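Student: The listed protein sequences correspond, in order, to chains B and P.
Residues in the first sequence are numbered from 1 upward in steps of one, following my numbering.
Residues in the second sequence are numbered from 643 upward in steps of one, following my numbering.
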Amino acid sequence: MSNYLYLAWIPLLPLATFVLLGLFGRKYFAKTAGIIGTASLLTSTLLSFVAARQYFLEDGKVNGAYQKIIALKYTWLEFSPNVSIDMGIIVDPISIMMLIVVTSVSLMVHIFSLGYMKGEERFATYYAFLSLFTFSMLGLILSSNIFQVYMFWELVGVSSFLLIGYYFNKPSAVAASKKAFIVTRFADLGFLIGILILGFYGGTMDISLLIEKLTVTSSAAFVNITTASFLGASMLTWGLTLIFVGGAGKSAMFPLHIWLPDAMEGPTPVSALIHAATMVVAGVYLVARLFPVYSMDESALTIVTYVGAFSALLAAIIACTQTDIKRVLAYSTMSQIGYMMFALGISKNGGENGLGYMASMFHLFTHAFFKSLLFLGAGSVIHMVHSNEMKDMGGLRKLMPVTHIAFLIACLAIAGIPPFAGFFSKEEILLAAFHANKLIYGVALVTAGLTSFYMFRLYFSIFWSKESTVHNNHGEGPWTMKLPLIILAICAVGVGFVPFSQFVTSDGIALTTHIDLLFSIAPVGLTLVAILLAASFYKTQNNKPEKAALAFGGFYTAAHKKFYVDEVYLFITKKIIFPLIGQPIAWADKYIVDGFMLALANTTAKLSTSIKGLQSGKVQNYALYFFGGVLALSILFIYIWK
Amino acid sequence: MNLSLLILLPLITALAILFSKGLKQIRAIGLAGSVAQLGLAGWILKLYMNERSNGNTTAYLFESNYSWFKALHINYHIGIDGISLAMILLTSFIVVAGILVSWTMEQLSKEYFFLLVLLSIGAYGFFISLDLFTLFFFLEIAVIPKFLLIGIWGSGKKENSAMKLALMLMAGSALVVVGLLGVFYNTGTFDIVEITQLGISVAAQQLFFPFAFLGFGVFAALFPFHTWVPDGHASAPTAASMFLAGISMKLGGYGCLRIALLMPNGAQEYAWIIILLATIAIIYGAFATMMQTDLKYINAYSSISHCGFVILGIGMLNKTSINGAVIQMVSHGLMTALFFAAIGMIYSRTHTRLVAQLGGLLKVMPFISTVFVIAGLCSLGLPGLSGFVAEMTVFMGAWQNPDVWHRLATIISAASIVVTAVYILRATGKTLMGPISNEHAVLTDATWNEKLAAGLLIIGILIIGIAPFLINQLIMPSTDILMAQFEKAITLK
């Protein structure tokens, strides 16, 4: 086995950048912070590609299957002899694949931000936070211990919080950052308890060992965890479902998705990195990481499937009605992640039946490129018109040709038009769904149609629709903003041709897949119809959209209001938790607990006042007490004596 | 190594302060003395680790024993194990930081610094005592300075707060005395080492454990005896708040731990009550914090919640959970001192602690704001900072008890991390972020002494957070020994 220890540098370089810029950035690197951050990340990216080449093409494969390699394991915090948090590095197809995704997208965002964030007062802080995020995300990917995953998971959450709240004097940004952190924190509680359950029965926190113990039906650990039950479900189901709750929080699955649209308050490149390509797929990655264990429990997988499918459909419907272009993209992200989730849910572990797993990872891979492209494109547009609203846009295709073409390519990719990247991965997901569950297939198909509709609604509204009202003279932005768009556009075409099934599968053994033209007719046809519909609605200004909205009536309004999920949360927090739990406790503390102590003190004081007459200093009183005492004692004495 | 140096050095510092003149001289002496003490503690740490790595497995190292009251078998018996050493290190960190943030204390500075150092003498003496009477003696030494510090230099309804704090702590002490006397009449000695060997009869444990444990529990802000905490902390001057939460409350936690280990049967019998009260403290404290509007009250109530984890760890009675309790004491001490320091810095500039009157401070005070955020993140258990290590160790220990009630207590306690996130982010969002008012827009950032104080505490937090194996190396061998004695005592009875 060869040495993969150098992988440690991939997260450590951004960490070093964070420390450097965090401590000295404001003073010494106010202008050069961007260059430093980009250079360090470029090194990480190159190392990731070296690692991918080494693993996939040279020595990862043993006996026809890609192996899981533990490159490093260091006991970081020991709880008891078996159970500890280790700092480890795991090398397997999905971790390497994720390394490529995260470093590449992050690099593009670093470059893009050089232009986009230029002149910001806290430029160095921005790059420090960006580095912190990249470090945390890379650490999460490489974790070999489930508790290590949890640690980086939390760090990712905090860096996301810091970046969303980057414009800290904007109250909406502050509120959004808080919301994102608290909602995901709530989900993380589930994750934590899930870890405790699996760790307790598995007797270890090490992912490889955990998988080893919990996938052999005859092992003691497996028997214990499946026979112990609580409220009718086995502890395995509980553990896995609770871990999925954590994943659903980060991956914005219904009903924990409410933070994602608000998170768009952050700078747009941040949205491209965190809320499109990396952090939000952490939940998918988590389920994939523990997939062998998930595949042992049908109930947990069913939950994953239906939550994923429902989220995909719900988000696609909402996306059709939003007018803020970043929010449309946010709901689109949620919808696509739902796709990845249910693809995992319907999959089996290993062999031909593991198609869903492969497809899910493939979609994660392609989605990262075209979705970050969409966000960066949106960023470029926002940079130009200084607004997020569709009504302020239109006819921008001549003003920003590079953005226009890149955005169009990304739209085609996400819609799943061959030969763009999204087509290949989506096709595999649909195929897997078709064989596993017809209902899910139906939902997936409808979602695919809706996706094309809202994406091209977005495209036409931004670039066509009406004559541009923007009079600007600073052009499309510097080359630092165009270059990432061009590179990502090339990826959005190219990455679909990566022979993904040869490399990333549930059991490490290559899977042969082929594109079935007959099967593709339905989804591609539906997509084309949806695009034509969007063109007729939005290519030129007309009243069709209003008519359609009216035709849907209440349903349209509900979708426009995001199905009132936010209102439900507000009700629970503002009307239940604060007034019915918080306030009574604060009240009780003041008037009951403290009141009791005060009463105790006052009674003591009163008592002492009332008996202080006993110490009056008058001898005749003392004599009286003395005789009284003697009398009482005598009576007592005689009484006891008898 | 003579541990009496740990008391002697602050004593000399205190005397030197009494004989010096002017704020400049006083604070220089105070700082020099406390830095020397920090160095001494570091040196003891080195010697201690050397002894342990040389294979010394005695429970307590560097013991010395002098007879004090022969008739009552009261000895000045001192010695340390990993747990007490951790507390000593914590104390010495906080004392230095506390003196640094009091750098410009003009009002009665001599008395102020004298009392701070006196308080630390009580704490050091308490942590090195192996004799219950000596232990109690030092505990009382630490109480009176608190009363004066709040009553004289405090703010708001300071007399009331000072009185409340002193009375409740005295009541706690009274309970402790009853418990300790019970132990003495049963075993004929106050000596912890001897008592561990002799064992206390089960009946006596059942009778006296609650007194001693609850008595120390008052110091550790155990529900429902926590009400001195919010008022006391809020009225105290900054350094006193830091000492109070960072050191004084740890006297209680440490006392509870020693009592639980000294009376294993009592601890086991009453564990369910301890766990119940701790769980209530954790979640109740968290919700109560959520409703506070004054920064100092926020931190004081959150201390109740966080100290609940210490008690929870002790109540769960296994190696991991007790390790967690000790780490939580150290972590909470550093973190809460840092928080109070940051709040003090904000208060001294804005003259308000009300969240509603603050906002956008990040713009003019980037350093203080960063300190505030780090303390907050530590409080909500961010990995990489000490709070995470401590809380997770407590959870892992608690989870080792597999029955439903222990599980429920663990899950409810774990749920507090969500509430913690809510109140920390609310405080951070309203104080540091958002628009800034015009009168606050001209304020200045931290001065060098404040930076140094915060930096010192942050270093402590980071050491535990990034390299928890270090503190584990210090504590674990001792918990192993103590818990082995504990198991033995349980099986013997």
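Note that beta-carbon positions come from the ideal geometry of N, C-alpha and C, so glycine has one too.
As the structure is a prediction and not an experimental result, all values here were calculated from the model.
Taking 7 Å as the cut-off, is the CB of ALA368 (chain B) close to at least one heavy atom of the ligand SAH?
Tutor: You won't find the ligand SAH in this model; it holds no ligand whatsoever.
Student: Could you tell me whether the region 476 to 490 of chain B touches the region 99 to 110 of chain B, where touching means 3 or more Cβ pairs closer than 8 Å?
Tutor: yes
Student: Out of curiosity, what's the CA-to-CA distance linking LEU256 (chain B) and PRO1008 (chain P)?
Tutor: C-alpha separation (whole angstroms): 33 Å.
Student: State the DSSP-derived secondary structure class of LEU1116 (chain P), mapped to helix, strand or coil.
Tutor: helix
Student: Would you please state the rounded distance, in angstroms, between the beta carbons of PRO1110 (chain P) and LEU77 (chain B)? I believe it to be under 8 Å.
Tutor: 4 Å
Student: State the Cα-Cα distance for the pair PHE497 (chain B) and ILE317 (chain B), rounded to the nearest angstrom.
Tutor: 30 Å
Student: Taking GLY232 (chain B) as the query, report the chain P residues whose CB atoms sit under 7 Å from its CB, ordered along the chain.
Tutor: Within chain P, no residue comes near GLY232 (chain B); the closest Cβ sits about 15 Å away, beyond 7 Å.
Student: Strictly under 8 Å for the Cβ-Cβ distance: is SER461 (chain B) near chain P by that measure?
Tutor: no
Student: Is LEU653 (chain P) closer than 8 Å to ILE763 (chain P) when the C-beta atoms are compared?
Tutor: yes
Student: Considering only the alpha carbon of each residue, which of B:TRP9, B:LEU439, B:THR241, B:LEU430 lies closest to VAL524 (chain B)?
Tutor: B:LEU430
Student: List, in order along the chain, the chain P residues whose C-beta lies closer than 8 Å to that of ASP594 (chain B)?
Tutor: THR869
Student: Kindly indicate if chain P contains any beta-carbon less than 8 Å away from that of MET1 (chain B).
Tutor: The predicted position of MET1 (chain B) is uncertain, since its pLDDT is 49 and thus under 50; a value taken from the coordinates is nonetheless stated next. Among the CB atoms of chain P, none fall inside 8 Å of the CB of MET1 (chain B).
Student: DSSP three-state call for PHE661 (chain P): helix, strand or coil?
Tutor: coil
Student: Can you round the beta-carbon distance between SER1058 (chain P) and SER945 (chain P) to whole angstroms, since I take them to be within the 8 Å contact cut?
Tutor: At roughly 13 Å, the Cβ-Cβ gap does not stay under 8 Å, so SER1058 (chain P) and SER945 (chain P) are not in contact.
Student: Might you give, ordered along the chain, the residues of its own chain that have their beta carbon closer than 8 Å to the beta carbon of VAL743 (chain P), omitting 5 neighbours on each side?
Tutor: Within the same chain, Cβ atoms closer than 8 Å to the Cβ of VAL743 (chain P) are found at THR880, ALA881, MET884, ALA983, GLY986, MET987, ASN1091, GLU1092, ALA1095, the five residues on either side in sequence being excluded.
Student: Under 8 Å between C-beta atoms, does ALA804 (chain P) make it to chain B?
Tutor: no
Student: Among B:PHE420, B:PHE463, B:TYR639, B:ASP297, whose alpha-carbon lies nearest the alpha-carbon of PRO401 (chain B)?
Tutor: B:PHE463
Student: Check whether the Cβ atoms of GLY249 (chain B) and PHE186 (chain B) sit closer than 8 Å, and answer yes or no.
Tutor: yes
Student: Looking only at its own chain, which residues have a Cβ that is under 8 Å from the Cβ of THR935 (chain P), when we skip the five neighbours before and after it?
Tutor: Counting only Cβ-Cβ distances below 8 Å, and skipping sequence neighbours, we find LEU996, VAL997, ALA998.
Student: TRP76 (chain B) lies in the alpha helix (DSSP H); which residues open and close that run?
Tutor: For TRP76 (chain B), no alpha helix (DSSP H) run applies; the uninterrupted beta strand (DSSP E) run containing it begins and ends at 69 to 78, by DSSP.
Student: Taking the straight line between their C-alpha atoms, what separation do you get for ILE916 (chain P) and TYR939 (chain P)?
Tutor: ILE916 (chain P) and TYR939 (chain P): Cα-Cα distance of roughly 25 Å.
Student: Helix, strand or coil: how does DSSP classify GLU121 (chain B) here?
Tutor: coil
Student: Looking at GLY857 (chain P): is its Cβ nearer than 8 Å to the Cβ of GLY821 (chain P)?
Tutor: Contact check for GLY857 (chain P) against GLY821 (chain P) passes: the beta carbons are separated by less than 8 Å.
Student: Please tell me whether GLY582 (chain B) has its Cβ less than 8 Å away from any Cβ of chain P.
Tutor: So, interface residue.
Student: Check distances from the C-beta atoms of the region 920 to 935 of chain P to those of chain B and list, in chain order, the residues that come in under 8 Å.
Tutor: TYR926, PHE929, ALA930, MET932, MET933, GLN934
Student: Between the Cα of PRO852 (chain P) and the Cα atoms of P:GLN910, P:VAL1084, P:SER797, which residue gives the shortest distance?
Tutor: P:GLN910
Student: If we cut at 8 Å on Cβ distances, does ALA1083 (chain P) have a partner in chain B?
Tutor: no
Student: Is DSSP giving GLU476 (chain B) helix, strand or coil here?
Tutor: coil
Student: Give me the Cα-Cα distance between SER610 (chain B) and TYR896 (chain P), rounded to the nearest whole angstrom.
Tutor: 39 Å
Student: Tell whether a beta-carbon distance below 8 Å holds between ASP297 (chain B) and LEU240 (chain B).
Tutor: yes
Student: Would TRP795 (chain P) be called buried (16 or more neighbouring beta carbons within 10 Å of its own) or exposed?
Tutor: With 16 or more Cβ atoms within 10 Å of its Cβ, TRP795 (chain P) is classed as buried.
Student: Below 8 Å on C-beta distance, what does GLU78 (chain B) contact in chain P?
Tutor: Those within 8 Å of GLU78 (chain B) in chain P are PHE1111, ASN1114, MET1118.
Student: Tell whether a beta-carbon distance below 8 Å holds between GLY34 (chain B) and LEU162 (chain B).
Tutor: no
Student: Checking 8 Å against the spacing of the C-beta atoms, do LEU192 (chain B) and ALA1056 (chain P) come in under that value?
Tutor: Between LEU192 (chain B) and ALA1056 (chain P), the gap from beta carbon to beta carbon is short of 8 Å.
Student: Suppose you measure from the CA of ILE521 (chain B) to the CA of ALA433 (chain B); what does that come to, to the nearest Å?
Tutor: Just so you know, the alpha carbons of ILE521 (chain B) and ALA433 (chain B) end up roughly 16 Å apart.
Student: Using a Cβ distance threshold of 8 Å, determine whether the region 916 to 932 of chain P contacts the region 1064 to 1084 of chain P, with at least three qualifying pairs required.
Tutor: yes
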